[in-house]
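The structure appears right after this line, and notes come after that.
Numbering (this note's numbering), first residue to last: 39 to 298.
Put into structure tokens, the structure is as follows:
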């Protein structure tokens, strides 16, 4: 079983991380093409394009200027230890043992505006380039057109290699839209996490993001073999709700009391 995650805007290139066998991103030539496009833009143009502050625009212009190959552990960092957002707080990679980290390399994939599709232990240099960015490039007017079916084709290779036809969608709509589900040789299962607030159950972004990371952690620790196995997810007070679920949508709910 394979799962896809979104990346995070916040990055951590400071903390120590466990010794791992890092790998190279498989779409690095494509990434280099995008870096070349971004290098042509001034910090002001990057800021306007990405809708970020002048300070962040300057930081990211510098990142694109400094981006260079080959990647090594001296100038890059494994993706699972580089992303630092709510999803990755739930995944908590620093507390995974060697077996689970190895499992993550087979079971998890991270969608990326710059790198296309990353394995957890793929080295990456810091960047900010969200999938929804309307960046004019040699292949089109945005990143969806740039990546085309490249990401989907690589996912199909990974699915075949894992011997599975199930893809668990733990990504946001912005990122999962980069996957051509019609060309994908898999059934897509989408977990939905609802939290109680004022007596109503709904998707609350902060909790839902963290829950996606918790589900990813559950997958690498428990290595579920079937969709039915995913329903056993009961971490942090979430419980599977059969009544609200469908064949391809698994709803998990958590009460305010269970949230604590």
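C-beta atoms are modelled at their ideal positions from N, C-alpha and C, and glycine is treated no differently.
Bear in mind that the values here come from a model prediction, so they are computed numbers and not experimental data.
Taking Cβ positions only, does residue 187 come closer than 9 Å to chain C? Judged by its chain identifiers, the structure shown contains no chain C, having just a single protein chain.
Terminal residues of the beta strand (DSSP E) in which residue 233 lies: 225-235
Where the beta strand (DSSP E) containing residue 217 begins and where it ends: No beta strand (DSSP E) contains residue 217, which DSSP labels as neither H nor E.
Just the Cα atoms here: how many angstroms apart are residue 88 and residue 254? 28 Å
Hey, quick one: how far does the beta strand (DSSP E) through residue 260 stretch, first residue to last? Premise fails: residue 260 lies in the alpha helix (DSSP H), 243-260, not in any beta strand (DSSP E).
Please report the straight-line C-alpha distance between residue 251 and residue 208, rounded to a whole angstrom. Computed Cα separation, rounded: 8 Å.
I'd like to confirm the pairing. Which residues does DSSP put opposite residue 97 in its beta bridges? Per DSSP, none; premise fails for residue 97.
Since residue 207 is in the beta strand (DSSP E), which residue starts that stretch and which ends it? 204-208
Have a look at residue 280 and residue 150 and give me their C-alpha separation to the nearest angstrom. 32 Å
Please identify the residue among 107, 241, 92 and 191 whose C-alpha is closest to the C-alpha of residue 71. 107
What's the call for residue 284, buried or exposed, on a 16-neighbour Cβ count within 10 Å? exposed
So residue 292 is in the beta strand (DSSP E); what residue range does that whole segment cover? Counting along the chain, the beta strand (DSSP E) containing residue 292 begins and ends at 287-292.
Based on the DSSP secondary-structure assignment, which residues constitute the bridge partners of residue 121? 49
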